[in-house]
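To start, the structure under review is shown below, and the notes come after it.
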Amino acid sequence: MEGVILGFYKDELKASQIYKRLAMKESDVKVKHQLEAFVKMEKQHAEFWKKLMESRGILPKEYKFRFAVLLYLLIRKVLGLRWSSRILELGENKPIREYHEYYKKGDFTEEEKEELKRIILDELAHENFFKEEEQGIENNIRDIFLGMNDGLVEILSTVAGLTGLYMGKPRLVGISGLIVGLAGTLSMSIGTFISVKNQKDVKSFGIFRLRVLKELFNREEREEMEIENPLKSALFTGVFYLMGTAFIVYSFFIMKTAATALILSSLTAILVWIISGSIIALSSGLSVSKKVFEMIISGIGAAIITFGVGKVFSLL
7 MEGVILGFYK DELKASQIYK RLAMKESDVK VKHQLEAFVK MEKQHAEFWK KLMESRGILP
67 KEYKFRFAVL LYLLIRKVLG LRWSSRILEL GENKPIREYH EYYKKGDFTE EEKEELKRII
127 LDELAHENFF KEEEQGIENN IRDIFLGMND GLVEILSTVA GLTGLYMGKP RLVGISGLIV
187 GLAGTLSMSI GTFISVKNQK DVKSFGIFRL RVLKELFNRE EREEMEIENP LKSALFTGVF
247 YLMGTAFIVY SFFIMKTAAT ALILSSLTAI LVWIISGSII ALSSGLSVSK KVFEMIISGI
307 GAAIITFGVG KVFSLL
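The sequence shown begins at 7 in our numbering and counts up by one.
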């Protein structure tokens, strides 16, 4: 229990330090003030956990999270405030779940319960500020990881099977994987375009229906009708599928044997899965280690099976 509370304290303290540095770098007055409000809020949350530890005989110390702060400053410099703030807020889903569970299990006074409820409410309210600027980001993230993960899994499985068949011909395996990757890029892009276009048509009619109700019958109905851009979704999916393909096939053009190339490609894929799995887990409030493990096992497992199939055909 002590370790859990200390973890909550450190997380809130870290968030306050990151928001403080982001606020210092921000020129937009409105955004700067909101970030400063987040700093104050996170400090209050940290103070709650600090007092909770002290009341239980634990003496916490002050922590400096220099690496985390520098990492978010780098993300802000490369991707801008909206993306860096969004990535930071993705991590708020996990504490909300943990605070809720701890609230149900923990031994608190009535005053402590009310304070923790207020903290949970604060964390839930965090998402609202950047909601307007983030429209479409979730869909883009979905398209990015859908395309990249499909490219990694499918092409790694393809080259693994071909490696089992053509162990001494890495260029042949690389070219074959590249051809399959280009075909997959077209397939994924077209499939995404058609799917999103159909959704857009349905939503467009929904908007028309609401307008008719308002104009002819003076009836107001509220409904969320965010319409995606089919071409943009298709482009994101296709480009990142091709990127996933490139992460796999490059090694077959620089290594002397297909086996060593396959090992290098697998290591590259694992690295990408660690990064993408971490982001997906943070956005969903899931365990990072479990999500990363799930992606690696499924991808490498598929590659091992196809390698075995290719080896069998080689022997036959």
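In this text, a Cβ means the ideal position worked out from N, Cα and C, and glycines have one as well.
Spatial neighbours of Val255 in its own chain (CB-CB distance under 6 Å, excluding positions within 5 residues in sequence) are listed in chain order as Gly180, Gly183, Leu184. Here Ile161 is buried: its Cβ has 16 or more other Cβ atoms, across all protein chains shown, within 10 Å.
Closest in alpha carbon position to Glu68, among Phe253, Lys119, Gly13, Val35, is Gly13. By the neighbour-count criterion, in which 16 or more other beta carbons inside 10 Å mark a residue as buried, Asn155 falls on the buried side.
Pairing Tyr15 with Ala52 gives a Cβ-Cβ distance under 8 Å.
Here Phe73 is exposed: its Cβ has fewer than 16 other Cβ atoms, across all protein chains shown, within 10 Å. At least 8 Å separates the beta-carbon of Thr266 from that of Gly174. Ser22 sits buried, since 16 or more C-beta atoms from the chains shown fall within 10 Å of its C-beta.
Assignment of Phe73 by DSSP, reduced to helix, strand and coil, places it in the helix class. If you compare the alpha carbons of Gly187, Leu178, Gly316 with that of Phe258, the shortest gap goes to Leu178. Less than 8 Å separates the beta-carbon of Lys317 from that of Gly170.
Across the structure, Ile125 and Leu58 are spaced so that their CA atoms are roughly 14 Å apart. If you look at Leu41, you'll find it in the alpha helix (DSSP H) that goes 35-61.
The beta carbon of Leu168 lies closer than 8 Å to those of Leu178, Val179, Ser182, Gly183, Ala264, Gly316 in the same chain, with the five residues before and after it left out. No Cβ-Cβ contact shorter than 8 Å links Gly187 with Phe242.
In terms of Cβ geometry, Tyr108 and Val10 form a close pair [threshold 8 Å]. Secondary structure note for Phe258: it is in no alpha helix (DSSP H), with a DSSP letter that is neither H nor E. Nearest neighbour of Ser61 by Cα position, chosen from Gly307, Thr115, Asn204, turns out to be Thr115. With contacts defined by Cβ atoms closer than 8 Å, Asp34 and Pro101 do not form a contacting pair.
Considering only Lys238, Ala275, Ile260, the residue with the shortest C-alpha distance to Met249 is Ala275. For Leu321, the enclosing alpha helix (DSSP H) has its first and last residue at 294-321. Pairing Phe151 with Ser282 gives a Cβ-Cβ distance under 8 Å. Taking C-alpha positions only, Ser271 is separated from Ser320 by approximately 21 Å.
Within the model, the alpha-carbon separation for Gly305 versus Val159 is close to 5 Å.
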